[in-house]
Each structure stands twice: as C-alpha cells, then as structure tokens.
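Peer 1: Quick one: structure below, then a few questions.
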Amino acid sequence: MRTVCLLMAVLVGVISRVHLYAQLDEGLVKAAALLKVALFVDWPATSMNDRFVIAVAADEEFSQTLIAAARGRKLNNREVMVRRLVDSDETCGCQMLFVGVREDVRSTMLLRWARRKPVLTVGETTAFLREGGIVRLFRADDRLRLQINNKSAEDAGLKISSRLLQLADQTP
Amino acid sequence: MIAAFVPCSAHAQPSPPDPTTLDIEQLFDVELTSTASKFSQEVTHAPASVTVVTAEQIRQHGYRTLADILGGVRGFYTTYDRNYTYVGVRGFARPGDYNTRVLLLVDGHRLNEPIYDMAPIGTDFPIDVALIERVEVIRGPGSSLYGTSAFFAVVNVLTKTGSSAPGPRVDASVGSQATRRATVSVGRVFANGNEVLVAGSGYDSAGNSRLYFPEFDAPGIGDGIAINADGDRSASMQAQAVVGRVRFSGALIDRAKRIPTASFLTVFGDGRERTEDTRAYADVAYAGPFGQKWTGVARGGIDYYGYSGAYPFDYGADGIVISNDSSHSVQLSGELTLNRRVDRHVVTLGTEVRRAMHNHQRAWDVFATQLDTENPSTVLGVYAQDEITLRPGLLFNAGLRLDHHDAFGSSLTPRAGLVLLPRRQSAIKLLYGRAFRAPNSYELYYYGTMQEYGFTLAPETIETTEVVWEEYVGAHLRAAVSVFSYEADHLISQRMLVAPGLLGGGIYFANDSSSTARGADAEIEGGWSNGLSAAAGYSYVRARDGATHAVLSNSPRHLAHVRVSSPIKPLASRLGLELRGVGERRSLDGGLVPGFVVGNATATTSLSKKLDLELGVYNVLDTGYADPGAEEHAQRAIRQDGRTARVRIIARF
Numbered sequence: 328m329r330t331v332c333l334l335m336a337v338l339v340g341v342i343s344r345v346h347l348y349a350q351l352d353e354g355l356v357k358a359a360a361l362l363k364v365a366l367f368v369d370w371p372a373t374s375m376n377d378r379f380v381i382a383v384a385a386d387e388e389f390s391q392t393l394i395a396a397a398r399g400r401k402l403n404n405r406e407v408m409v410r411r412l413v414d415s416d417e418t419c420g421c422q423m424l425f426v427g428v429r430e431d432v433r434s435t436m437l438l439r440w441a442r443r444k445p446v447l448t449v450g451e452t453t454a455f456l457r458e459g460g461i462v463r464l465f466r467a468d469d470r471l472r473l474q475i476n477n478k479s480a481e482d483a484g485l486k487i488s489s490r491l492l493q494l495a496d497q498t499p
Numbered sequence: 010m011i012a013a014f015v016p017c018s019a020h021a022q023p024s025p026p027d028p029t030t031l032d033i034e035q036l037f038d039v040e041l042t043s044t045a046s047k048f049s050q051e052v053t054h055a056p057a058s059v060t061v062v063t064a065e066q067i068r069q070h071g072y073r074t075l076a077d078i079l080g081g082v083r084g085f086y087t088t089y090d091r092n093y094t095y096v097g098v099r100g101f102a103r104p105g106d107y108n109t110r111v112l113l114l115v116d117g118h119r120l121n122e123p124i125y126d127m128a129p130i131g132t133d134f135p136i137d138v139a140l141i142e143r144v145e146v147i148r149g150p151g152s153s154l155y156g157t158s159a160f161f162a163v164v165n166v167l168t169k170t171g172s173s174a175p176g177p178r179v180d181a182s183v184g185s186q187a188t189r190r191a192t193v194s195v196g197r198v199f200a201n202g203n204e205v206l207v208a209g210s211g212y213d214s215a216g217n218s219r220l221y222f223p224e225f226d227a228p229g230i231g232d233g234i235a236i237n238a239d240g241d242r243s244a245s246m247q248a249q250a251v252v253g254r255v256r257f258s259g260a261l262i263d264r265a266k267r268i269p270t271a272s273f274l275t276v277f278g279d280g281r282e283r284t285e286d287t288r289a290y291a292d293v294a295y296a297g298p299f300g301q302k303w304t305g306v307a308r309g310g311i312d313y314y315g316y317s318g319a320y321p322f323d324y325g326a327d328g329i330v331i332s333n334d335s336s337h338s339v340q341l342s343g344e345l346t347l348n349r350r351v352d353r354h355v356v357t358l359g360t361e362v363r364r365a366m367h368n369h370q371r372a373w374d375v376f377a378t379q380l381d382t383e384n385p386s387t388v389l390g391v392y393a394q395d396e397i398t399l400r401p402g403l404l405f406n407a408g409l410r411l412d413h414h415d416a417f418g419s420s421l422t423p424r425a426g427l428v429l430l431p432r433r434q435s436a437i438k439l440l441y442g443r444a445f446r447a448p449n450s451y452e453l454y455y456y457g458t459m460q461e462y463g464f465t466l467a468p469e470t471i472e473t474t475e476v477v478w479e480e481y482v483g484a485h486l487r488a489a490v491s492v493f494s495y496e497a498d499h500l501i502s503q504r505m506l507v508a509p510g511l512l513g514g515g516i517y518f519a520n521d522s523s524s525t526a527r528g529a530d531a532e533i534e535g536g537w538s539n540g541l542s543a544a545a546g547y548s549y550v551r552a553r554d555g556a557t558h559a560v561l562s563n564s565p566r567h568l569a570h571v572r573v574s575s576p577i578k579p580l581a582s583r584l585g586l587e588l589r590g591v592g593e594r595r596s597l598d599g600g601l602v603p604g605f606v607v608g609n610a611t612a613t614t615s616l617s618k619k620l621d622l623e624l625g626v627y628n629v630l631d632t633g634y635a636d637p638g639a640e641e642h643a644q645r646a647i648r649q650d651g652r653t654a655r656v657r658i659i660a661r662f
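Here the protein sequences line up with chains A and B, keeping their order.
If you're matching positions, the first sequence starts at 328 in the numbering used here and goes up one per residue.
If you're matching positions, the second sequence starts at 10 in the numbering used here and goes up one per residue.
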C-alpha cells in the first residue's frame with residue numbers, strides 16, 4: 328500500500344514540470360479574451376460612438392465576471408460598457424455581442440438581428456458559427472480555443488487582423 | 010494515501026496572474042482549471058432523478074470502461090462473471106439478466122439488440138471511454154418515451170465530436186495482466202462549422218493468469234486453478250460527421266472473451282470456452298425545425314449484432330465435444346420526435362419503428378443441430394408528452410406511450426411528474442411511472458422446452474413512485490436525495506422443468522415472479538474554484554421477492570462511494586481517489602457473499618501542452634472480494650481481481 332503511494336508520488340513528481348502559470352479560471356480567461364479580441368478587429372468608423380458597448384446574453388456568473396473584468400477599462404480610448412440583455416431585448420445597440428452556451432434559443436434570434444450589422448458576435452457553440460456568428464470561444468484540452476467565421480465578419484463589415492486569424496483553429 | 014502528497018501540495022504557489030494582463034497568444038495558451046469546479050448539472054426540470062458523469066470526471070478517476078463509470082453512480086453497482094459485466098440498479102441485478110432492463114443509448118441510438126436485449130457495458134462497449142463527452146443516467150422507468158428495456162434506468166452516452174476532440178491524438182496504455190490498449194482519433198472542424206471525428210481502438214488483455222475456484226478443487230476434477238484462461242480482446246472503430254443539422258454516426262466492435270469459470274456445466278480447465286460478440290451500427294439524425302412551429306429529431310438507423318460461443322461438454326464415451334451457439338440480427342429503425350411550445354405547454358409527439366429483418370439463433374455440435382430458428386419481429390411505438398407550467402415554479406409533466414409488438418401485442422406505459430421549484434437553487438419532484446420489458450428472442454425461442462410445452466411469455470412490468478429533492482447549498486455544494494418504491498411484476502425468470510429427455514435440459518422462461526424494492530439514496534457533491542472536487546453518496550434498498558419476501562439475490566442493501574479529485578498545482582498534476590463500498594449480497598444458494606470496499610487512485614500530469622501521462626492503480630487496497638454467480642455457474646461467488654495498475658499516455662498533435 329505504502330509502496331504504491333510512494334511510487335505514485337515519485338512518478339508524478341519526477342516526470343512533471345512546473346508550469347509557467349498556475350491554472351486559471353475559465354470564466355476569467357474567457358472574459359479577458361473577449362476584451363482582448365476586440366483589439367484585433369476594425370469596425371467601420373461610422374459604427375463607433377464614444378463608448379464601446381458589449382452586450383451579453385449569458386448566465387449570471389459569467390455576466391458578473393465580464394462586468395468586473397471590463398470595469399474601468401478602455402478600448403482604443405473608448406470607455407468599455409457591458410450591458411446585460413434582458414429577455415425582451417431584441418436589439419443590443421452594441422459593437423460586440425456575447426451569447427452564452429445556454430442561450431441557444433435566443434441565439435438564433437439575436438444573430439438574425441445582428442446579421443450584416445457591424446457587430447462582432449461571439450458565441451460558444453459550432454451552431455453559433457453556422458448560423459452566422461463570427462467568433463467562437465470554446466474549451467478543449469483544458470485550453471481556451473478560438474474559431475472565426477471570416478465570411479460572416481466580412482458580411483458585417485468588420486476586418487479581423489491576421490494575428491487573431493492565426494490563433495484560430497480553422498479559418499475560412 | 011493523501012498524506013503522501015501533502016508535502017507536495019504545501020509548496021508555495023505563485024499567485025495566479027490577472028488574465029487581463031496577458032497578451033492574446035498567452036490567453037489561448039494558459040491551462041484552465043477543471044470544469045469540475047462548476048457543477049456537472051443544474052437543478053433539472055426533468056421528471057426524473059438524473060446523474061451526469063462528465064469527460065472530466067472520467068479522466069480524473071481513470072475509468073476504463075462504461076462499467077467503471079456506472080459503478081460510481083449513486084444506486085448502481087456492477088457484477089463481473091469473467092465473461093460479461095452486468096449492471097445492477099437500486100437492488101436489482103437478477104442473475105442471468107444480460108442488462109436487459111437498462112436501456113443503453115449512444116447519442117440517442119439504442120444499443121440493446123433484439124436477441125438478448127443486452128446492453129454492453131464492459132470491454133464489449135463499442136465506444137472508447139476517452140471519446141465520451143458525458144454520460145446521462147436517468148433513474149426510473151423511461152418506457153413512456155423509449156419503450157421496452159427502459160425498465161430500471163436509461164443510460165445515454167454522448168460522444169465527443171470533431172470540435173471537442175480536435176486534431177489527431179494517440180491514447181495508449183499498458184498495465185497489469187499484460188493489458189494493452191491503444192486508440193487513435195482524428196477530429197476536425199471545417200470552416201463552415203461541419204465536424205468529423207474518426208477513431209479506432211485495439212484492446213488486448215491476458216486477464217488473470219491464475220484463477221482459483223474452490224468448487225473445482227476436488228479429487229477427480231482438478232486442482233481448481235484456471236491457468237491462462239481469462240483473455241479478453243477487442244477491436245473497434247467509430248466515426249461521426251455533423252453536416253449542418255444532420256449528424257451521421259456509426260460504430261463497430263468485435264470482442265472475444267475466454268471464459269475461465271466453466272459456466273453452463275462445461276469442462277473445467279479445457280481452455281476452449283469462449284464468447285465473441287460483434288456489434289455495428291450506422292445512424293443518421295436530423296435535429297432542427299420542422300416547419301414554422303415545430304422542432305424535433307428525425308432518425309434512421311441500421312444495427313448488426315452477431316454472437317458466437319463455444320462450450321466444451323464432457324459427453325462421456327464420446328469424449329469432450331464443443332457445443333456451438335451462434336446468433337445474429339439485422340435491425341432497421343426509424344424515429345421521429347416533434348416538440349412545440351404552445352402557451353404554457355411544451356408538447357412532445359413521437360413515433361418509432363424497429364424491424365428485426367434477421368433474427369437468427371443456432372446451436373449445434375458435431376452430432377446434430379439442436380436449434381436453428383429465425384424469428385423476425387416488428388415493434389411500433391407512438392408516444393406523447395406534455396409539460397405544463399401550472400404557475401411559475403410549478404411544472405406538471407405527463408407522458409404516455411403505446412407499443413405494439415407483433416409477437417405478443419400491446420403495452421401502454423404512462424408517466425407523470427410534478428416538479429416544484431420553490432427557489433432558483435432547489436427542486437422537489439414527485440414522480441410516478443410504469444415501464445415494461447418485452448420478452449426477447451432468446452427467452453422466447455432458444456430453449457426447446459418453450460416450444461414443446463407451448464409456453465408463451467408476456468412483457469414484464471414495473472410501477473414506481475419516487476420523491477426527489479435537489480438543492481444547491483451556497484456556491485459550492487449540491488445535494489440530492491431520493492426516496493423510492495418499485496413494484497415489478499410478471500418478471501421473466503429462468504426455470505427448470507424436471508422431466509427426463511428434454512431438449513435444453515428442461516430450462517424455460519416464465520412470467521412468474523414479482524419483486525418489490527423500497528429505499529432511499531443521497532449524494533452530496535462539491536466543486537471549488539481551486540479545482541478541488543469531491544462527492545459522497547449512499548444508497549439503501551430492501552429488494553424482496555413478492556411471494557416469499559426473501560431478500561433478492563445479488564442485491565446489496567448498502568452502496569456507498571466517496572470521490573475526491575485535487576489538483577497538485579506545482580506539479581501540474583491531479584490526483585483522483587475513489588472508494589466504492591458494496592454491502593453483502595445473497596448468492597443464489599441462499600448464502601452470503603461478503604460486502605467490500607474497493608479503492609482506486611489515479612494520478613494525471615501534463616508533461617507538456619500536447620502530452621499527458623496518467624498512472625492508475627485499481628483496487629489499491631488489494632481487497633479480496635467476489636461477485637455472486639448466476640444459474641450457469643457452479644461458483645456461488647466469482648472472485649474479482651486484486652490490485653492492478655496501468656500507465657497511460659495521451660498525445661495530441
């Protein structure tokens with residue numbers, strides 16, 4: 328018994344290496360990625376106001392995480408504002424729209440509304456990309472990953488930088 | 010056990026960086042904490058007691074088979090007779106039942122085949138567990154939606170897709186008993202969102218090279234030791250593609266097992282007793298809108314099942330003769346389910362048809378063919394369900410299914426549930442349901458006694474009532490409690506007719522027993538943001554024969570489990586520990602098979618971003634324990650393996 332424990336402890340200890348970073352919470356990384364992704368997208372000048380509005384349709388926990396992460400932040404000298412969509416909202420008045428994984432029913436409706444408008448739509452499912460969403464953030468192999476539907480981005484009049492496209496898993 | 014790791018985990022840890030300070034490349038490179046810190050399930054509105062086992066949990070605890078997964082589910086336990094693995098649910102694991110009373114689905118496709126109704130959960134399960142995304146276990150009767158076999162529970166295995174297992178990967182392990190397994194998979198997501206995944210696996214194990222069975226340790230029989238007679242091997246493939254709203258999937262497995270137990274009165278130590286099972290299916294399913302107002306799923310599939318068995322019998326003067334069994338079936342199936350929300354109602358309507366075009370059983374030896382029977386069958390089912398929101402926080406769910414089987418007529422199965430959601434974080438469910446299981450071809454046609462005496466069989470039925478309470482306590486704990494009562498009637502059981510010269514030794518099946526089970530189970534699970542997760546569960550059940558009131562065989566009154574999985578951050582590793590306890594069980598001869606506690610330990614570590622290493626030690630306490638034998642065994646209990654280990658490596662490219 329003790330031999331086995333020791334063996335496991337030794338094996339795990341000897342062969343692993345210390346990671347550069349500790350493990351990070353998925354919600355925090357996703358929120359940070361949302362804010363960072365916006366730096367690599369060009370919006371048509373006409374679509375910009377003095378504030379950068381991110382609308383979010385997601386669960387309570389992630390919405391709060393995003394609001395906290397965005398607090399006091401600026402994107403290209405514009406103050407970032409996070410707005411939670413309520414059930415009756417059919418439009419977002421935003422530059423960026425995040426749709427959480429559990430919002431699959433509203434997702435179709437929101438995407439229909441955002442189609443061909445200069446709104447960077449970010450979701451979590453493959454269905455989201457198929458239905459015209461632009462960016463997908465998802466978890467695989469304990470890492471956050473990215474997919475981009477550049478065709479939808481072009482339709483929306485958004486220009487995504489090659490640095491971001493290179494990070495994406497599959498790009499058209 | 011844990012103490013051995015405390016010095017490691019006590020190392021000073023750097024405080025985690027604020028992710029917003031990382032640059033974009035780093036954000037997509039940092040390792041995320043386990044999702045186990047989030048709950049694997051929310052308070053469910055489903056009118057049932059549900060447990061979800063996630064891919065994360067499967068990996069953290071080094072589960073090797075679906076049986077390993079199910080054995081850790083509250084109220085479930087498994088029995089291994091060194092041929093197949095059987096699942097018991099809430100006190101019911103009838104000896105000789107080939108998992109006929111649990112419906113097993115893979116991505117919604119039925120795996121129980123039409124000859125034996127068997128749900129394969131051991132090394133005969135066609136999907137490698139590493140490619141399972143989650144397993145949903147729905148306790149209680151499910152016949153009102155699924156028809157036959159959804160008797161004690163429905164187990165739905167959801168597999169990974171091209172996006173959840175992207176790129177090529179190799180998953181290989183070696184372990185005790187000369188066990189080797191390798192799986193190669195390739196997943197891909199295309200620019201248009203379509204996905205494919207293809208995988209192939211090989212498994213080979215010598216099994217326990219030296220098994221001692223005291224029943225065969227007697228003068229004139231032998232020393233009771235079965236040497237090198239426990240080999241197990243399988244080869245499998247799976248593939249799936251998601252194209253728009255259509256999903257194509259298929260799987261294939263061939264599994265051969267040598268049987269060391271001399272079951273069915275075969276010759277002990279002969280070495281030739283074996284079974285081989287082949288399963289294959291292809292399925293195409295569309296999920297999406299049907300017209301303006303309905304959504305739903307349309308599915309079509311084809312299944313192949315083949316079995317062959319070799320059984321060496323001592324024919325006296327003629328010497329040892331191999332008796333062969335074989336069977337195969339080809340089944341076509343189609344199903345349509347439609348959903349619509351109308352005001353306060355969510356209505357589900359559905360229909361299902363299954364046609365076993367070939368349904369063939371054969372038994373022969375060098376002297377004669379004892380059985381050669383072809384029994385095609387057709388099952389047609391229609392069902393409806395309505396979920397009504399009576400007022401906010403109060404749902405009523407009612408469902409009804411009618412099945413028509415061409416061999417014995419119709420079965421009607423209702424289900425009703427009242428789901429009360431007093432607060433956001435709690436649910437109380439009052440449930441009632443009926444389920445049935447149709448007699449299968451093996452029970453109806455295999456034994457000549459059935460035809461000679463004109464015995465027929467009707468479906469067996471179960472009626473259940475259950476109260477479920479689920480509660481989230483604070484941000485990190487979830488608790489669930491169930492109290493249930495099961496009444497099973499007309500259970501099909503194996504009987505022996507004592508008359509000389511009967512084919513098949515006079516074995517036949519009859520709808521002649523009833524059983525009741527009353528019990529309760531509870532579980533508490535916790536997940537914390539530092540990646541620590543833990544769960545503890547306990548179930549108590551009294552399952553009795555309806556006529557004699559004797560406790561059923563292979564029915565433990567107590568089941569318990571404890572699981573802990575903790576990151577060991579400085580080492581980029583994780584340690585999973587698990588204890589499973591099964592109370593004493595009665596054997597068929599009325600004796601007692603002692604209860605036991607088995608512990609498993611799994612350490613996983615990331616050698617690099619693309620390489621994971623895992624060490625698993627199973628039955629780490631080297632507990633000596635046994636599972637009860639069935640009617641076909643001379644053994645009243647079959648001893649299980651002691652401590653074994655495996656080393657596994659997962660490489661992603």
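For each residue, glycine too, the CB sits at the ideal point set by N, CA and C.
The model shown is predicted, which means the values in this text are computed figures rather than measured ones.
Contact check, residue 309/B vs residue 253/B under 8 Å by CB: the rounded distance?
Peer 2: Not a contact, Cβ separation roughly 17 Å.
Peer 1: Can you give the beta carbon distance from residue 656/B to residue 182/B, rounded, assuming they're within the 8 Å contact cut?
Peer 2: About 6 Å separates the two Cβ atoms, so the contact holds.
Peer 1: Output needed for residue 7/B: all residues of its chain with C-beta closer than 7 Å, excluding positions within five of it in sequence on either side, in chain order.
Peer 2: Here chain B covers residues 10 to 662 and nothing more, so residue 7/B does not appear.
Peer 1: Expressed to the nearest angstrom, what Euclidean distance is found between the alpha-carbon atoms of residue 481/A and residue 374/A?
Peer 2: C-alpha separation (whole angstroms): 15 Å.
Peer 1: Could you name the residues of the same chain whose beta carbon sits closer than 7 Å to that of residue 405/B, not counting the 5 residues immediately before and after it, in chain order?
Peer 2: Here the set comprises 397, 399, 427.
Peer 1: CB residue 334/B to CB residue 318/B, shorter than 8 Å?
Peer 2: Yes, Cβ-Cβ distance for residue 334/B and residue 318/B is below 8 Å.
Peer 1: Do residue 454/A and residue 474/A have their CB atoms nearer than 8 Å?
Peer 2: No; because the gap between Cβ atoms is not below 8 Å, this pair is not in contact.
Peer 1: Out of 269/B, 168/B, 339/B, 141/B, point me to the one whose CA is closest to residue 121/B's CA.
Peer 2: For residue 121/B, the nearest C-alpha among the options comes from 339/B.
Peer 1: Helix, strand or coil, according to DSSP, for residue 145/B in the structure here?
Peer 2: DSSP places residue 145/B in strand when its eight states are reduced to three.
Peer 1: Taking one C-beta from the region 178-198 of chain B and one from the region 92-105 of chain B each time, how about it: are there three or more such pairs within less than 8 Å?
Peer 2: Segments in contact, no.
Peer 1: Could you name the residues of the same chain whose beta carbon sits closer than 6 Å to that of residue 421/B, not counting the 5 residues immediately before and after it, in chain order?
Peer 2: 411, listed in sequence order.
Peer 1: Residues in the region 455-472 of chain A with C-beta within 8 Å of chain B's C-beta atoms, listed in sequence order?
Peer 2: Taking 8 Å as the Cβ-Cβ cut-off against chain B, the residues of the region 455-472 of chain A that qualify are 456, 457, 465, 466, 467, 468, 469, 470, 471, 472.
Peer 1: For residue 467/A and residue 196/B, what's the separation of their Cα atoms in angstroms?
Peer 2: Taking the straight line joining both Cα atoms gives about 12 Å.
Peer 1: Does the beta carbon of residue 453/A come closer than 8 Å to any beta carbon on chain B?
Peer 2: Closer than 8 Å to some Cβ of chain B, the Cβ of residue 453/A qualifies, so yes.
Peer 1: Look at the Cβ atom of residue 156/B, then the Cβ atom of residue 294/B, and state whether they are nearer than 8 Å.
Peer 2: No, the pair does not count as a contact, with Cβ atoms beyond the cut-off.
Peer 1: Judging by CA-CA distance, which residue of 363/A, 381/A, 441/A, 352/A is the nearest neighbour of residue 41/B?
Peer 2: Minimum Cα distance to residue 41/B is reached at 352/A.
Peer 1: What are the start and end residues of the beta strand (DSSP E) that includes residue 518/B?
Peer 2: Run containing residue 518/B: 516-536, per the beta strand (DSSP E) assignment.
Peer 1: Under the three-state reduction of DSSP, which class applies to residue 614/B: helix, strand or coil?
Peer 2: Correct three-state label for residue 614/B: strand.
Peer 1: With DSSP run on the structure shown, which of helix, strand or coil describes residue 121/B?
Peer 2: Three-state result, residue 121/B: coil.
Peer 1: What residues from chain B crowd round residue 494/A, counting only those whose CB sits closer than 7 Å?
Peer 2: Neighbours of residue 494/A on chain B, chain order: 33, 34, 37.
Peer 1: For residue 546/B, does the three-state DSSP call read helix, strand or coil?
Peer 2: Strand.
Peer 1: Between which two residues does the alpha helix (DSSP H) carrying residue 457/A extend?
Peer 2: First-last of the alpha helix (DSSP H) with residue 457/A: 453-457.
Peer 1: Report buried or exposed for residue 267/B, applying the criterion of at least 16 other Cβ atoms within 10 angstroms of its Cβ.
Peer 2: Result: buried.
Peer 1: What are the uninterrupted segments assigned as beta strand (DSSP E) that are 3 or more residues long and contained completely in the region 321-367 of chain B, given in chain order?
Peer 2: Here the runs fully enclosed are 329-351.
Peer 1: Which residues does DSSP list as the beta-bridge partners of residue 466/A?
Peer 2: Residue 466/A pairs with 471/A.
Peer 1: When you compare only the Cα positions, how much space is there between residue 562/B and residue 601/B?
Peer 2: Going by the C-alpha atoms only, they are around 9 Å apart.
Peer 1: For residue 491/B, would you say it is in contact with chain A, using Cβ-to-Cβ distances shorter than 8 Å as the test?
Peer 2: Judged by the 8 Å Cβ criterion, residue 491/B is not in contact with chain A.
Peer 1: Tell me, which residues are paired with residue 601/B by DSSP?
Peer 2: Per DSSP, 595/B.
Peer 1: Check for me: the alpha helix (DSSP H) holding residue 77/B runs from which residue to which?
Peer 2: Its alpha helix (DSSP H) spans residues 75-79.
Peer 1: Tell me the DSSP secondary structure of residue 43/B in three-state form.
Peer 2: Confidence at residue 43/B is low in this model, with a pLDDT of 45, below 50, so its placement is unreliable and the value that follows should be read with caution. Residue 43/B: coil per DSSP, three-state reduction.
Peer 1: For residue 375/B, which of helix, strand or coil comes out of DSSP?
Peer 2: Residue state, collapsed to three classes: coil.
Peer 1: Pull up the DSSP beta-bridge partners for residue 390/A, would you.
Peer 2: Note: residue 390/A sits in no beta bridge, so no partner.
Peer 1: May I ask which residues mark the beginning and end of the alpha helix (DSSP H) holding residue 7/B?
Peer 2: Coverage of chain B is limited to positions 10 through 662, which leaves residue 7/B absent and any answer about it impossible.
Peer 1: Ends of the alpha helix (DSSP H) at residue 458/B?
Peer 2: 457-461 is the extent of the alpha helix (DSSP H) around residue 458/B.
Peer 1: Could you tell me which chain A residues have their CB closer than 8 Å to the CB of residue 661/B, listed as they occur along the chain?
Peer 2: In chain order: 468.
Peer 1: When you check each C-beta in the region 464-489 of chain B against every C-beta of chain A, which residues fall closer than 7 Å?
Peer 2: Under the 7 Å Cβ criterion, the region 464-489 of chain B contributes no residue.
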